[in-house]
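Residue numbers (the numbering used here): 802 to 920.
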């Protein structure tokens with residue numbers, strides 16, 4: 802039985818996933834303990850703000866599948882680097898979150914492919 806998430810719940814879940822990925826990246830790459838470094842904190846704040854203001858939250862699952870890229874190019878490149886690094890490692894640190902993310906991502910890619918085939 803599938804349950805659709807409300808917009809606020811989706812927004813919070815997206816914020817949590819991005820936050821955990823940034824934390825993991827900073828702890829592993831910058832060797833921080835406890836708190837993250839200032840650069841990663843700035844990126845996390847920026848990502849949280851972008852997510853809070855996203856007008857497409859109801860219809861999209863993840864920023865990577867969005868037609869509008871609202872991140873500044875420098876921030877977008879940094880978040881991509883973090884996703885590439887942290888994504889595969891999330892299964893070991895936050896397995897439920899990682900599996901849920903994979904399932905949702907797969908569903909959305911399938912929906913996007915179906916929409917593209919209809920056009």
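For glycine and all other residues, C-beta sits at the position ideal for the given N, C-alpha and C.
Distance CB(residue i)-CB(residue j) smaller than 8 Å
i: residue 826; j: residue 838; result: no
i: residue 901; j: residue 863; result: no
i: residue 811; j: residue 858; result: yes
i: residue 960; j: residue 866; result: It is not possible to answer for residue 960, since the shown part of the chain is limited to 802 through 920.
i: residue 893; j: residue 830; result: no
i: residue 808; j: residue 898; result: no
Simplified DSSP state of residue i, which is helix, strand or coil
i: residue 803; result: Caution is warranted here: a pLDDT of 44 is assigned to residue 803, below 50, making its placement in the model unreliable, and no coordinate value can be reported.
i: residue 837; result: coil
i: residue 902; result: helix
i: residue 913; result: helix
i: residue 832; result: coil
Cutoff 8 Å; reference residue i; Cβ partners in own chain excluding five residues on either side
i: residue 879; result: 844
Own chain, CB closer than 6 Å to residue i, minus 5 neighbours either side, in chain order
i: residue 767; result: Shown here, the chain extends from 802 to 920; a query on residue 767 therefore has no answer.
i: residue 896; result: none
Cβ-Cβ separation, residue j to residue i (assumed contact under 8 Å), whole Å
i: residue 876; j: residue 822; result: Going by Cβ atoms, the distance from residue 876 to residue 822 rounds to 14 Å, so no, they are not a contact pair.
Run of the alpha helix (DSSP H) containing residue i, from where it starts to where it stops
i: residue 870; result: Where residue 870 is concerned, there is no enclosing alpha helix (DSSP H), given that its DSSP letter is neither H nor E.
i: residue 893; result: 891-894
i: residue 859; result: Looking at the DSSP string, residue 859 is not in any alpha helix (DSSP H), and its letter there is neither H nor E.
Own chain partners of residue i with C-beta closer than 7 Å, once the 5 adjacent residues on each side are dropped
i: residue 847; result: 876
Heavy atom of the ligand PLP within 7 Å of residue i beta-carbon
i: residue 914; result: In terms of ligand content, the structure shown is empty, and the ligand PLP therefore cannot be addressed.
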